[in-house]
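Everything below concerns the one structure shown next.
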Amino acid sequence: MAYSSCSQIPLTSISFPKNSALSGATQVPSKGFYPYRVLIHPPANSRAPQTPIAAAMQEDKGLIVETSDGKSKLRIPHVLSVAGSDSGAGAGIQADLKACAARGVYCSTVITAVTAQNTVGVQGVNIVPEDFVAEQLKSVLSDMHVDVVKTGMLPSLGIVKVFHHSLKQFPVQVEPLKAALVVDPVMVSTSGDVLAGPSILAGFREDLLPMADIVTPNLKEAAALLGGVQLATVDDMRSAAKAIHDMGPRNVLIKGGDLAASFDAVDIFFDGENFYELRSPRITTRNTHGTGCTLASCIAAELAKGSSMLSAVRVAKRYVETALDYSKDIAIGNGLHGPFDHLLKLKRDVRNSCRPRPFEPDDLFLYAVTDSGMNKKWGRSIRDAVKAAIEGGATIIQLREKDAETRDFLESAKACVEICRFHGIPLLINDRIDIALACNADGVHVGQSDMPPKVARALLGPEKIIGVSCKTPEQAHRAWIDGADYIGCGGVFPTDTKENITVGLGGLKDVCVSSKLPVVAIGGIGASNARSVMEIGVPTLKGVAVVSALFDRESVLGETRKLHALLKETALSVKG
Ligand SMILES: Nc1ncnc2c1ncn2[C@@H]1O[C@H](COP(=O)(O)OP(=O)(O)O)[C@@H](O)[C@H]1O
Ligand SMILES: Cc1ncc(COP(=O)(O)O)c(N)n1
Ligand SMILES: [Mg+2]
Numbered sequence: 001m002a003y004s005s006c007s008q009i010p011l012t013s014i015s016f017p018k019n020s021a022l023s024g025a026t027q028v029p030s031k032g033f034y035p036y037r038v039l040i041h042p043p044a045n046s047r048a049p050q051t052p053i054a055a056a057m058q059e060d061k062g063l064i065v066e067t068s069d070g071k072s073k074l075r076i077p078h079v080l081s082v083a084g085s086d087s088g089a090g091a092g093i094q095a096d097l098k099a100c101a102a103r104g105v106y107c108s109t110v111i112t113a114v115t116a117q118n119t120v121g122v123q124g125v126n127i128v129p130e131d132f133v134a135e136q137l138k139s140v141l142s143d144m145h146v147d148v149v150k151t152g153m154l155p156s157l158g159i160v161k162v163f164h165h166s167l168k169q170f171p172v173q174v175e176p177l178k179a180a181l182v183v184d185p186v187m188v189s190t191s192g193d194v195l196a197g198p199s200i201l202a203g204f205r206e207d208l209l210p211m212a213d214i215v216t217p218n219l220k221e222a223a224a225l226l227g228g229v230q231l232a233t234v235d236d237m238r239s240a241a242k243a244i245h246d247m248g249p250r251n252v253l254i255k256g257g258d259l260a261a262s263f264d265a266v267d268i269f270f271d272g273e274n275f276y277e278l279r280s281p282r283i284t285t286r287n288t289h290g291t292g293c294t295l296a297s298c299i300a301a302e303l304a305k306g307s308s309m310l311s312a313v314r315v316a317k318r319y320v321e322t323a324l325d326y327s328k329d330i331a332i333g334n335g336l337h338g339p340f341d342h343l344l345k346l347k348r349d350v351r352n353s354c355r356p357r358p359f360e361p362d363d364l365f366l367y368a369v370t371d372s373g374m375n376k377k378w379g380r381s382i383r384d385a386v387k388a389a390i391e392g393g394a395t396i397i398q399l400r401e402k403d404a405e406t407r408d409f410l411e412s413a414k415a416c417v418e419i420c421r422f423h424g425i426p427l428l429i430n431d432r433i434d435i436a437l438a439c440n441a442d443g444v445h446v447g448q449s450d451m452p453p454k455v456a457r458a459l460l461g462p463e464k465i466i467g468v469s470c471k472t473p474e475q476a477h478r479a480w481i482d483g484a485d486y487i488g489c490g491g492v493f494p495t496d497t498k499e500n501i502t503v504g505l506g507g508l509k510d511v512c513v514s515s516k517l518p519v520v521a522i523g524g525i526g527a528s529n530a531r532s533v534m535e536i537g538v539p540t541l542k543g544v545a546v547v548s549a550l551f552d553r554e555s556v557l558g559e560t561r562k563l564h565a566l567l568k569e570t571a572l573s574v575k576g
């Protein structure tokens with residue numbers, strides 16, 4: 001069966017009608033059930049029609065559109081991982097799932113062996129019976145459309161044969177798109193334990209390597225494939241890459257993670273014509289368990305999305321480097337080689353996960369919004385302003401720094417996050433999703449012409465707070481559909497900090513009555529009129545947001561205290 005790398009699929013550009021949902025996509029002819037495969041690119045034209053496909057394109061979900069008889073289907077790029085399970089979840093199937101998830105690709109799994117494994121070593125290996133490996137392969141390949149097959153631990157010659165046979169048996173799912181085959185010839189774990197003995201070498205040489213688009217041995221595996229040669233230098237790696245290429249794979253990547261003499265992490269990529277020396281700084285960390293599996297899965301994921309082989313390898317190496325650097329100080333297990341964090345999440349969450357509770361509508365009670373102009377005028381830093389507001393009773397803070405330099409703003413935002421975490425007060429950033437991500441704020445507040453809440457949600461994740469400014473019941477409804485947590489309604493009264501289109505108390509009431517989300521009123525509110533706002537008496541109205549009445553004053557602490565007391569009193573009388 002002919003496997004060829006995605007880079008070798010001829011990309012024929014067929015132009016779609018200008019206004020069609022598919023304009024801007026690349027069409028790739030294929031032979032099988034679906035006559036065309038279309039790789040989606042983000043559209044150049046942002047006013048693309050709002051069909052589901054156009055919407056997917058707009059959000060650049062990396063989906064694939066298949067068309068048949070004029071009908072379109074949306075599909076996520078799909079990698080099938082055929083590998084062993086690692087109970088410690090640093091390598092094997094678990095690493096493959098995490099790497100594919102991190103790279104935005106679907107991953108199905110065929111498990112060849114279950115290992116009892118941790119950061120100390122491999123305590124046991126239970127090989128899955130050959131006919132059951134065959135059954136798993138059949139289940140996936142007879143039903144699902146796989147773009148790339150990736151192999152890891154194939155623990156016996158019998159399983160190599162079963163795998164080879166299954167690929168021949170189910171060409172329909174694979175051949176139309178000429179799925180790529182990525183072979184990671186796993187033999188020995190980082191801890192030095194044998195995962196697949198020398199008996200499999202014949203199967204690799206005769207069956208798998210000739211059909212592989214890329215094979216990715218580490219130094220020991222390359223040595224074993226070549227019958228036990230020593231590989232100690234970059235030159236040795238080049239010779240090994242060439243010799244392994246002669247066994248049939250279209251590309252070879254010799255991984256140099258274990259090259260003792262090198263300060264860099266050097267891999268050699270050979271495509272049959274050219275050698276590429278891929279170097280990255282060697283990260284000093286014990287957490288390198290699973291780097292090989294992750295690299296191969298990431299290559300598979302990038303190929304599934306339509307990358308060329310060299311580009312897939314480069315992205316994969318950069319991804320491993322980033323993940324190692326990010327996770328270098330994480331401690332999981334007591335052994336010599338720990339796992340790393342594929343989703344680049346653990347470190348950030350561990351360090352900053354002290355927010356004691358999720359967002360509550362009552363957090364909107366006294367909502368303090370900073371203003372750089374006012375802070376400058378009164379000669380205080382953002383952090384001093386925030387500290388004073390919290391001490392005075394503010395229940396949530398928003399940094400609204402429209403003209404701050406990005407670096408200065410980020411530094412202040414980080415300091416404010418610390419202050420707010422200490423006091424258990426949520427901190428939101430106005431408009432700047434990038435700043436919110438970089439300082440790990442609790443969320444963002446966006447206006448009608450800022451980042452759409454759905455996109456903000458996709459970028460920030462499910463746990464962050466998203467607020468949206470709304471003037472009308474329709475906008476409030478849209479915010480709810482888009483996954484916002486609250487809405488800010490205003491301006492209620494005229495103000496100097498915003499353009500003067502006010503909704504008044506009547507407009508505020510209309511929005512509050514119709515809104516399914518909690519509402520905070522904003523715009524020209526202070527001690528003189530806060531009572532009249534809260535007295536509209538609609539249960540969704542949870543509080544007032546204040547800028548000038550707190551920050552355009554000599555004493556932020558004093559003004560916040562005063563307003564807090566007044567709101568408390570009003571709340572009691574409204575309830576009573
Ligand atoms: N300490 C490190 N710093 C940066 N990159 C590394 C480090 N260790 C391994 N790598 C990279 O991780 C990938 C996997 O390599 P390697 O660890 O040699 O494979 P395996 O896990 O199969 O033994 C390679 O791209 C290699 O260069
Ligand atoms: C199930 C399984 N598959 C692969 C590896 C190799 O990974 P590493 O070389 O990082 O130990 C492993 N340890 N366990
Ligand atoms: Mg390794």
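Going by UniProt numbering, the letters in the sequence shown line up with residues 1 to 576, in that order.
Ideal placement from N, C-alpha and C gives every residue a C-beta, glycine not left out.
Own chain, CB closer than 6 angstroms to residue i, minus 5 neighbours either side, in chain order
i: residue 519; result: 487, 489, 512, 540, 541
i: residue 635; result: Any answer about residue 635 is impossible in this case: the structure gives the chain only from 1 up to 576.
i: residue 556; result: 385, 388, 389, 550
i: residue 319; result: 298
i: residue 577; result: Residue 577 lies beyond the residue range present for the chain, which begins at 1 and ends at 576; the question has no answer from this structure.
i: residue 98; result: 342
i: residue 302; result: 312, 315
i: residue 151; result: 82, 183
i: residue 522; result: 488, 490, 545
i: residue 95; result: 290, 293, 294
i: residue 84; result: 92, 112, 113, 115, 153
Beta bridge counterpart(s) of residue i as assigned by DSSP
i: residue 446; result: 468
i: residue 277; result: 268
i: residue 287; result: Per DSSP, none; premise fails for residue 287.
i: residue 508; result: DSSP, once it has assigned bridges, lists no residue as partnering residue 508.
i: residue 78; result: 106
i: residue 433; result: According to DSSP, which records beta bridges pairwise, residue 433 is partnered with nothing at all.
i: residue 255; result: 218
i: residue 622; result: This structure cannot settle anything about residue 622, because the visible part of the chain is limited to 1 through 576.
i: residue 487; result: 468, 519
i: residue 151; result: 82, 183
i: residue 544; result: 366, 521
i: residue 427; result: 397
i: residue 124; result: 116
i: residue 339; result: 289
i: residue 188; result: 194
Inter-residue CB distance, residue i and residue j (contact presumed, cutoff 8 angstroms)
i: residue 294; j: residue 342; result: 7 angstroms
i: residue 441; j: residue 466; result: 11 angstroms between Cβ atoms; not a contact.
i: residue 79; j: residue 107; result: 5 angstroms
i: residue 270; j: residue 278; result: The Cβ separation is near 11 angstroms, so there is no contact.
i: residue 148; j: residue 182; result: 6 angstroms
i: residue 393; j: residue 560; result: 6 angstroms
i: residue 156; j: residue 200; result: 7 angstroms
Per-residue burial, residue i [other beta carbons within 10 Å of its own, 16 or more giving buried]
i: residue 172; result: Below a pLDDT of 50, predicted positions are generally treated as unreliable, and residue 172, at 44, falls in that range; the measurement from the model is reported next regardless. Exposed, by the Cβ-count rule.
i: residue 237; result: buried
i: residue 569; result: exposed
i: residue 339; result: buried
i: residue 230; result: exposed
i: residue 407; result: exposed
Cutoff 8 angstroms; reference residue i; Cβ partners in own chain excluding five residues on either side
i: residue 282; result: 262, 263, 264, 265
i: residue 258; result: 218, 219, 220
i: residue 364; result: 395, 396, 486, 518, 519, 520, 542, 543, 545
i: residue 226; result: 240, 243, 244
i: residue 514; result: 473, 476, 477
Residues of its chain near residue i, where Cβ-Cβ distance is below 7 angstroms and the 5 sequence neighbours each way are ignored
i: residue 326; result: 341, 344, 347
i: residue 451; result: 433
i: residue 516; result: 480
i: residue 222; result: 231, 240, 244, 254
Does the stretch 289-304 touch the stretch 87-105, meaning 3 or more C-beta pairs lie closer than 8 angstroms? Two segments are said to touch when three or more pairs of C-beta atoms, one from each, lie closer than 8 angstroms; by this definition the stretch 87-105 touches the stretch 289-304.
Segment contact flag, the stretch 186-200 with the stretch 111-126, C-beta cutoff 8 angstroms, min 3 pairs: Yes: at least three Cβ pairs fall under 8 angstroms.
Report yes or no: do the stretch 235-250 and the stretch 205-222 share at least 3 C-beta pairs separated by less than 8 angstroms? Verdict: yes, contact present.
Does the stretch 357-365 come close enough to the stretch 303-313 that 3 or more CB-CB pairs lie under 8 angstroms? Judged by pairs of C-beta atoms under 8 angstroms, the stretch 303-313 does not touch the stretch 357-365, as fewer than three such pairs exist.
Would you call the stretch 408-424 and the stretch 458-474 touching, i.e. three or more CB-CB distances under 8 angstroms? Touching, no.
For the stretch 366-373 against the stretch 399-412, are there 3 or more C-beta pairs whose distance is under 8 angstroms? Counting Cβ pairs under 8 angstroms, three or more are found: they touch.
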